[in-house]
Amino acid sequence: MRIGLYPGTFDPITLGHVDIIQRAMALVDRLVIGVAINRDKSPLFGLEDRVAMVQAECDQIATRTGGEIVVHPFENLLIDCARDVGAQVIVRGLRAVADFEYEFQMVGMNRALDASIETVFMMADARRQAIASKLVKEIARLGGDVSKFVTPPVAQALADRYRA
Numbered sequence: 001m002r003i004g005l006y007p008g009t010f011d012p013i014t015l016g017h018v019d020i021i022q023r024a025m026a027l028v029d030r031l032v033i034g035v036a037i038n039r040d041k042s043p044l045f046g047l048e049d050r051v052a053m054v055q056a057e058c059d060q061i062a063t064r065t066g067g068e069i070v071v072h073p074f075e076n077l078l079i080d081c082a083r084d085v086g087a088q089v090i091v092r093g094l095r096a097v098a099d100f101e102y103e104f105q106m107v108g109m110n111r112a113l114d115a116s117i118e119t120v121f122m123m124a125d126a127r128r129q130a131i132a133s134k135l136v137k138e139i140a141r142l143g144g145d146v147s148k149f150v151t152p153p154v155a156q157a158l159a160d161r162y163r164a
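Once you know that position 104 of the sequence shown is 104 in full-length UniProt numbering, the rest is easy, because the numbers rise by one and skip nothing.
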């Protein structure tokens, strides 16, 4: 069984993430979505909320594709998480050249830690390249329309969060 790991903070999950998840499903038999607990970041949504949003989106994708998607929170090294879930492949989405520079360093470090786990880069769909969770949160915070960037349930969660 080919198992892939797609890690991120998903704060919140965007249509860019959804695009990568759908396309990654064609590469693996099981896709694990690693929802990162990163103490260096201050996420807008807590872990439980992020996991719930990702799970809701992934349930729909799995139903459409017939594939297996597992949502897995993690706080350890990415390479250790990959080992924990039995992943042979780490899936990373790229939006721009700036993403590549960071990801290139990560691949080098991960290969030094475990050369048996490959990293696969997927370019974001051209319609989704500008989408970044940070920018989506900023638009929502300032009362803008985020419906082009996230699904309706995520847009509602952002609206509820900023209304509170």
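Cβ atoms here follow ideal geometry from the backbone N, Cα and C, with glycine treated the same way.
Shown here, Phe10 sits in coil according to DSSP, grouped into three states, outside any helix or strand. Thr119 and Val91 have their C-alpha atoms roughly 6 Å apart.
Taking the Cβ atoms as the reference, Gly16 lies roughly 4 Å from Arg128, within the contact range of under 8 Å.
In the three-state scheme derived from DSSP, where H, G and I count as helix and E and B as strand, Thr119 is classed as strand. The bridge partners DSSP lists for Glu68 are Arg30. In the structure shown, the three-state DSSP call for Ile37 is coil.
Looking at Arg23, Leu27, Val54, Met25, the one whose alpha-carbon comes closest to that of Asp11 is Val54. When C-alpha distances from Ser147 are compared across Ile13, Leu113, Lys41, the shortest belongs to Ile13. Using a Cβ distance threshold of 7 Å, Val32 and His72 count as a contacting pair. Partner residues in the beta bridge of Val89, as assigned by DSSP, are Gly4, Glu118. Around the Cβ of Lys137, a 10 Å sphere holds 16 or more other Cβ atoms; the residue is buried.
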